[in-house]
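Chemist: Using our numbering, the letters of the sequence shown map in sequence onto residues 8 to 279. Glycine included, each C-beta is placed from N, C-alpha and C at the ideal position. All of these numbers come straight from a predicted model, not from anything done at the bench.
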Amino acid sequence: MLSNLVAIFFALASALTVAWGTVVRHRIALDAPSSVMRTAMTQSLWWVGTFAALAAYGLQVIALGFGTLLIVQPILVMSLMFTLPLAAWYSRRRMSGQEIGWSLVLTVAVGTLIILGRPSAGKPQPAVSDWAPALLVGITVMAVLTVIGWRHRSQRALMLGTICGGIYGYVAVLSKAVVDIFAHSGVGELLISWEFYALIATAATGTVVQQYSFHAGPLKQSLPAMTIVEPMVAFLLGYAILGEKFQITSATGWAVMGLALALMIAATIVLS
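(1) Would you list the residues sitting across from Ser-127 in a DSSP beta bridge?
(2) Please determine if the stretch 166-174 and the stretch 214-231 are in contact, where contact requires at least 3 C-beta pairs separated by less than 8 Å.
(3) Count the other C-beta atoms from every protein chain shown that fall within 10 angstroms of the C-beta of Gln-228, then say buried if there are 16 or more, exposed otherwise.
(4) Is there contact here, the stretch 11-28 with the stretch 75-87, by at least three beta-carbon pairs under 8 Å?
(5) Note the first and the last residue of the continuous alpha helix (DSSP H) segment covering Arg-158.
(6) Just how far apart, CA to CA, sit Leu-111 and Val-236?
(7) Hey, Val-117 and Met-271: beta-carbon distance below 9 Å or not?
(8) Measuring CB to CB, does Val-31 end up less than 9 Å from Gly-65?
(9) Is there contact between the stretch 200-217 and the stretch 175-187, where contact requires at least three CB pairs shorter than 8 Å?
(10) Would DSSP call Met-85 helix, strand or coil?
(11) Once DSSP output is grouped into helix, strand and coil, what is the label at Thr-75?
(12) Output yes or no for whether 9 Å exceeds the beta carbon distance between Met-25 and Phe-73.
(13) State buried or exposed for Val-151, treating a residue as buried only when at least 16 other CB atoms are found within 10 Å of its CB.
(14) Excluding the 5 residues preceding and the 5 following Thr-209 in the sequence, name in chain order all residues of the same chain whose CB lies nearer than 8 Å to its CB.
(15) Beta-carbon within less than 6 Å of Lys-183's beta-carbon, same chain only, minus the 5 sequence neighbours each way: which residues are those?
(16) So for Gly-224, helix, strand or coil by DSSP?
(17) Are the beta-carbon atoms of Arg-125 and Phe-17 separated by less than 9 Å?
(18) Do Ser-86 and Thr-234 have their C-beta atoms closer together than 9 Å?
(19) Can you grab the Cα-Cα spacing for the pair Pro-92 / Ala-269, in whole Å?
(20) For Arg-158, does the count of other Cβ atoms within 10 angstroms reach 16, so buried, or fall short, so exposed?
(21) Which term fits Glu-251, buried or exposed, when burial requires 16 or more other beta carbons within 10 angstroms of its beta carbon?
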(Lines of atoms letter the chains of each structure in order from A and count residues from 1; the text may use other names and numbers.)
(Lines give C-alpha, C1' and ligand atoms only; values in the text may rest on other atoms or scores of the structure.)
Protein backbone atom coordinates (compact mmCIF):
# COMPACT_ATOMS: atom_id res chain seq x y z
CA MET A 1 0.00 0.00 0.00
CA LEU A 2 2.79 2.43 0.94
CA SER A 3 4.68 1.72 -2.28
CA ASN A 4 1.56 2.52 -4.31
CA LEU A 5 1.15 5.84 -2.49
CA VAL A 6 4.77 6.71 -3.25
CA ALA A 7 4.19 5.78 -6.91
CA ILE A 8 1.10 8.00 -7.04
CA PHE A 9 3.02 10.94 -5.53
CA PHE A 10 5.84 10.76 -8.06
CA ALA A 11 3.42 10.17 -10.94
CA LEU A 12 1.51 13.34 -10.00
CA ALA A 13 4.78 15.27 -9.80
CA SER A 14 5.68 13.93 -13.24
CA ALA A 15 2.30 14.94 -14.68
CA LEU A 16 2.65 18.50 -13.37
CA THR A 17 6.17 18.82 -14.77
CA VAL A 18 5.07 17.42 -18.14
CA ALA A 19 2.28 19.99 -18.31
CA TRP A 20 4.60 22.96 -17.81
CA GLY A 21 7.18 21.67 -20.29
CA THR A 22 4.48 20.98 -22.89
CA VAL A 23 3.07 24.51 -22.72
CA VAL A 24 6.52 26.10 -23.02
CA ARG A 25 7.67 24.00 -25.99
CA HIS A 26 4.36 24.34 -27.81
CA ARG A 27 4.49 28.14 -27.65
CA ILE A 28 8.00 28.10 -29.12
CA ALA A 29 7.08 25.60 -31.85
CA LEU A 30 4.11 27.66 -33.04
CA ASP A 31 6.34 30.71 -33.50
CA ALA A 32 9.02 28.76 -35.35
CA PRO A 33 9.53 28.87 -39.14
CA SER A 34 9.77 25.70 -41.22
CA SER A 35 12.97 24.49 -39.51
CA VAL A 36 11.31 23.49 -36.25
CA MET A 37 14.09 21.79 -34.31
CA ARG A 38 16.85 24.20 -35.37
CA THR A 39 14.79 27.24 -34.37
CA ALA A 40 13.67 25.70 -31.09
CA MET A 41 17.19 24.70 -30.07
CA THR A 42 18.40 28.29 -30.35
CA GLN A 43 15.99 29.43 -27.63
CA SER A 44 16.93 29.01 -23.99
CA LEU A 45 13.30 28.60 -22.93
CA TRP A 46 13.01 25.53 -25.21
CA TRP A 47 15.93 23.96 -23.38
CA VAL A 48 14.28 24.73 -20.05
CA GLY A 49 11.11 23.02 -21.29
CA THR A 50 13.13 20.08 -22.57
CA PHE A 51 14.94 19.65 -19.26
CA ALA A 52 11.55 19.84 -17.56
CA ALA A 53 10.42 16.95 -19.78
CA LEU A 54 13.52 14.98 -18.79
CA ALA A 55 12.87 15.72 -15.12
CA ALA A 56 9.27 14.58 -15.58
CA TYR A 57 10.50 11.36 -17.12
CA GLY A 58 12.85 10.83 -14.19
CA LEU A 59 9.91 11.23 -11.82
CA GLN A 60 7.93 8.75 -13.92
CA VAL A 61 10.76 6.20 -13.69
CA ILE A 62 10.83 6.59 -9.90
CA ALA A 63 7.06 6.08 -9.82
CA LEU A 64 7.41 2.91 -11.91
CA GLY A 65 9.98 1.66 -9.44
CA PHE A 66 7.34 1.71 -6.71
CA GLY A 67 4.16 0.86 -8.63
CA THR A 68 2.81 -0.92 -11.68
CA LEU A 69 2.37 0.64 -15.10
CA LEU A 70 -1.41 0.37 -14.65
CA ILE A 71 -1.17 2.65 -11.59
CA VAL A 72 1.27 5.21 -12.96
CA GLN A 73 -0.07 5.62 -16.49
CA PRO A 74 -3.64 6.81 -15.67
CA ILE A 75 -2.20 9.46 -13.36
CA LEU A 76 0.05 10.78 -16.13
CA VAL A 77 -3.11 11.50 -18.16
CA MET A 78 -3.80 14.20 -15.60
CA SER A 79 -0.97 16.21 -17.12
CA LEU A 80 -3.69 17.54 -19.45
CA MET A 81 -5.63 18.85 -16.45
CA PHE A 82 -2.49 20.64 -15.26
CA THR A 83 -1.78 21.93 -18.78
CA LEU A 84 -5.07 23.85 -18.92
CA PRO A 85 -4.47 26.37 -16.10
CA LEU A 86 -0.86 26.83 -17.21
CA ALA A 87 -1.90 27.47 -20.82
CA ALA A 88 -4.62 29.84 -19.59
CA TRP A 89 -2.09 31.73 -17.50
CA TYR A 90 0.32 32.05 -20.44
CA SER A 91 -2.56 33.22 -22.67
CA ARG A 92 -3.88 35.63 -20.00
CA ARG A 93 -7.34 34.10 -19.83
CA ARG A 94 -9.48 32.34 -17.21
CA MET A 95 -10.48 28.69 -17.18
CA SER A 96 -14.16 28.16 -17.99
CA GLY A 97 -16.68 26.33 -15.82
CA GLN A 98 -16.73 23.53 -18.37
CA GLU A 99 -12.97 23.08 -18.10
CA ILE A 100 -13.15 22.94 -14.31
CA GLY A 101 -16.07 20.49 -14.39
CA TRP A 102 -14.42 18.10 -16.82
CA SER A 103 -11.18 18.33 -14.86
CA LEU A 104 -13.08 16.95 -11.87
CA VAL A 105 -14.54 14.18 -14.06
CA LEU A 106 -11.03 13.28 -15.21
CA THR A 107 -9.82 13.14 -11.60
CA VAL A 108 -12.68 10.86 -10.51
CA ALA A 109 -12.21 8.58 -13.53
CA VAL A 110 -8.49 8.17 -12.91
CA GLY A 111 -9.11 7.56 -9.21
CA THR A 112 -11.66 4.86 -10.03
CA LEU A 113 -9.25 3.03 -12.35
CA ILE A 114 -6.59 2.93 -9.64
CA ILE A 115 -8.69 2.30 -6.51
CA LEU A 116 -11.22 -0.13 -7.98
CA GLY A 117 -8.80 -1.76 -10.42
CA ARG A 118 -6.08 -2.48 -7.81
CA PRO A 119 -3.50 -3.31 -10.51
CA SER A 120 -1.21 -6.27 -9.81
CA ALA A 121 2.42 -6.61 -10.88
CA GLY A 122 3.44 -8.65 -13.92
CA LYS A 123 6.59 -10.34 -15.25
CA PRO A 124 9.87 -8.62 -14.28
CA GLN A 125 11.61 -9.42 -17.60
CA PRO A 126 9.42 -10.56 -20.53
CA ALA A 127 11.03 -12.67 -23.26
CA VAL A 128 11.96 -11.21 -26.65
CA SER A 129 9.24 -13.39 -28.18
CA ASP A 130 6.69 -11.43 -26.13
CA TRP A 131 8.02 -8.11 -27.44
CA ALA A 132 8.46 -8.97 -31.14
CA PRO A 133 4.78 -8.99 -32.28
CA ALA A 134 4.02 -5.76 -30.40
CA LEU A 135 7.04 -3.97 -31.88
CA LEU A 136 6.21 -5.15 -35.42
CA VAL A 137 2.58 -4.02 -35.16
CA GLY A 138 3.58 -0.67 -33.64
CA ILE A 139 6.15 0.14 -36.32
CA THR A 140 3.70 -0.80 -39.10
CA VAL A 141 0.84 1.31 -37.73
CA MET A 142 3.07 4.33 -37.15
CA ALA A 143 4.50 4.06 -40.67
CA VAL A 144 0.97 4.12 -42.13
CA LEU A 145 0.02 7.15 -40.00
CA THR A 146 3.20 8.93 -41.10
CA VAL A 147 2.26 8.49 -44.76
CA ILE A 148 -1.27 9.79 -44.11
CA GLY A 149 0.05 12.84 -42.26
CA TRP A 150 2.59 13.55 -44.99
CA ARG A 151 -0.03 13.42 -47.77
CA HIS A 152 -2.80 15.31 -45.95
CA ARG A 153 -1.57 18.53 -44.36
CA SER A 154 -4.89 19.17 -42.57
CA GLN A 155 -4.47 15.85 -40.72
CA ARG A 156 -0.77 16.21 -40.03
CA ALA A 157 -0.98 17.50 -36.44
CA LEU A 158 -3.50 14.79 -35.55
CA MET A 159 -1.43 12.03 -37.14
CA LEU A 160 1.81 13.22 -35.54
CA GLY A 161 0.07 13.54 -32.17
CA THR A 162 -1.22 9.98 -32.53
CA ILE A 163 2.23 8.69 -33.50
CA CYS A 164 3.81 10.55 -30.59
CA GLY A 165 1.28 9.10 -28.16
CA GLY A 166 1.99 5.62 -29.50
CA ILE A 167 5.74 6.09 -29.18
CA TYR A 168 5.41 7.31 -25.60
CA GLY A 169 3.18 4.32 -24.85
CA TYR A 170 6.09 2.09 -25.86
CA VAL A 171 8.46 4.33 -23.87
CA ALA A 172 6.32 3.77 -20.77
CA VAL A 173 6.42 -0.02 -21.13
CA LEU A 174 10.14 -0.07 -21.94
CA SER A 175 10.74 2.17 -18.91
CA LYS A 176 8.96 -0.28 -16.63
CA ALA A 177 10.97 -3.16 -18.14
CA VAL A 178 14.25 -1.26 -17.64
CA VAL A 179 13.38 -0.36 -14.04
CA ASP A 180 12.58 -4.02 -13.29
CA ILE A 181 15.83 -5.23 -14.89
CA PHE A 182 17.82 -2.77 -12.78
CA ALA A 183 15.92 -3.69 -9.60
CA HIS A 184 16.25 -7.46 -10.07
CA SER A 185 19.63 -7.82 -11.84
CA GLY A 186 21.61 -4.64 -11.24
CA VAL A 187 23.34 -2.10 -13.48
CA GLY A 188 25.59 -4.65 -15.20
CA GLU A 189 22.67 -6.60 -16.62
CA LEU A 190 20.91 -3.35 -17.48
CA LEU A 191 23.79 -2.11 -19.63
CA ILE A 192 23.80 -5.26 -21.76
CA SER A 193 20.01 -5.45 -22.14
CA TRP A 194 18.44 -4.49 -25.49
CA GLU A 195 15.53 -2.83 -23.64
CA PHE A 196 17.82 -0.11 -22.26
CA TYR A 197 19.05 0.99 -25.69
CA ALA A 198 15.63 0.60 -27.27
CA LEU A 199 14.30 2.92 -24.57
CA ILE A 200 16.89 5.61 -25.34
CA ALA A 201 16.21 5.45 -29.09
CA THR A 202 12.43 5.43 -28.66
CA ALA A 203 12.43 8.34 -26.20
CA ALA A 204 14.63 10.44 -28.51
CA THR A 205 12.35 9.69 -31.46
CA GLY A 206 9.30 10.63 -29.42
CA THR A 207 10.82 13.99 -28.47
CA VAL A 208 11.45 14.91 -32.12
CA VAL A 209 8.00 13.74 -33.28
CA GLN A 210 6.35 15.69 -30.47
CA GLN A 211 8.09 18.90 -31.51
CA TYR A 212 6.96 18.45 -35.11
CA SER A 213 3.40 17.73 -33.97
CA PHE A 214 3.38 21.01 -32.01
CA HIS A 215 4.58 22.87 -35.10
CA ALA A 216 2.01 21.22 -37.39
CA GLY A 217 -0.97 22.97 -35.81
CA PRO A 218 -2.75 24.16 -32.65
CA LEU A 219 -2.28 22.18 -29.47
CA LYS A 220 -5.96 21.11 -29.59
CA GLN A 221 -5.22 19.10 -32.75
CA SER A 222 -2.27 17.09 -31.46
CA LEU A 223 -2.52 17.00 -27.66
CA PRO A 224 -5.82 15.04 -27.34
CA ALA A 225 -4.54 12.23 -29.56
CA MET A 226 -1.18 12.28 -27.81
CA THR A 227 -2.76 12.16 -24.36
CA ILE A 228 -5.32 9.45 -25.17
CA VAL A 229 -3.16 7.13 -27.28
CA GLU A 230 -0.25 6.95 -24.83
CA PRO A 231 -2.17 5.34 -21.93
CA MET A 232 -4.19 3.12 -24.29
CA VAL A 233 -1.02 1.73 -25.87
CA ALA A 234 0.64 1.41 -22.47
CA PHE A 235 -2.41 -0.40 -21.04
CA LEU A 236 -2.51 -2.88 -23.92
CA LEU A 237 1.23 -3.54 -23.80
CA GLY A 238 1.18 -3.75 -20.02
CA TYR A 239 -1.39 -6.52 -20.28
CA ALA A 240 0.08 -8.29 -23.31
CA ILE A 241 3.82 -8.04 -22.58
CA LEU A 242 4.33 -7.34 -18.89
CA GLY A 243 1.39 -9.43 -17.70
CA GLU A 244 0.02 -6.73 -15.37
CA LYS A 245 -3.67 -7.12 -14.51
CA PHE A 246 -6.58 -5.22 -13.00
CA GLN A 247 -7.94 -7.30 -10.10
CA ILE A 248 -11.61 -7.22 -11.12
CA THR A 249 -13.68 -10.37 -10.62
CA SER A 250 -17.27 -9.30 -11.33
CA ALA A 251 -19.17 -8.08 -14.37
CA THR A 252 -20.31 -5.04 -12.40
CA GLY A 253 -16.72 -4.17 -11.57
CA TRP A 254 -15.69 -4.37 -15.22
CA ALA A 255 -18.70 -2.24 -16.19
CA VAL A 256 -17.63 0.47 -13.74
CA MET A 257 -14.04 0.25 -15.00
CA GLY A 258 -15.27 0.58 -18.59
CA LEU A 259 -17.34 3.63 -17.64
CA ALA A 260 -14.36 5.20 -15.86
CA LEU A 261 -12.16 4.59 -18.91
CA ALA A 262 -14.80 6.08 -21.23
CA LEU A 263 -15.13 9.15 -18.99
CA MET A 264 -11.35 9.56 -18.90
CA ILE A 265 -11.24 9.55 -22.71
CA ALA A 266 -14.26 11.89 -22.97
CA ALA A 267 -12.77 14.33 -20.45
CA THR A 268 -9.48 14.31 -22.33
CA ILE A 269 -11.22 15.13 -25.62
CA VAL A 270 -13.36 17.91 -24.12
CA LEU A 271 -10.52 19.47 -22.15
CA SER A 272 -8.32 19.55 -25.23
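Modeler: According to the structure data:
(1) Lys-252
(2) yes
(3) buried
(4) Yes: at least three Cβ pairs fall under 8 Å.
(5) 135-158
(6) Approximately 21 Å, taken between the alpha carbons.
(7) yes
(8) no
(9) The stretch 200-217, when compared against the stretch 175-187, does touch it at the 8 Å Cβ threshold.
(10) Correct three-state label for Met-85: coil.
(11) coil
(12) According to the sequence provided, residue 25 is Val. The question's Met does not apply to it. Cβ distance not < 9 Å, so Val-25 and Phe-73 don't count as in contact.
(13) exposed
(14) Ile-174, Tyr-177, Val-178 and Leu-181
(15) Leu-71 and Leu-76
(16) Coil at Gly-224, not helix or strand.
(17) no
(18) yes
(19) 23 Å
(20) exposed
(21) Glu-251 is classed as buried because its beta carbon has at least 16 other beta carbons within 10 Å across all chains shown.
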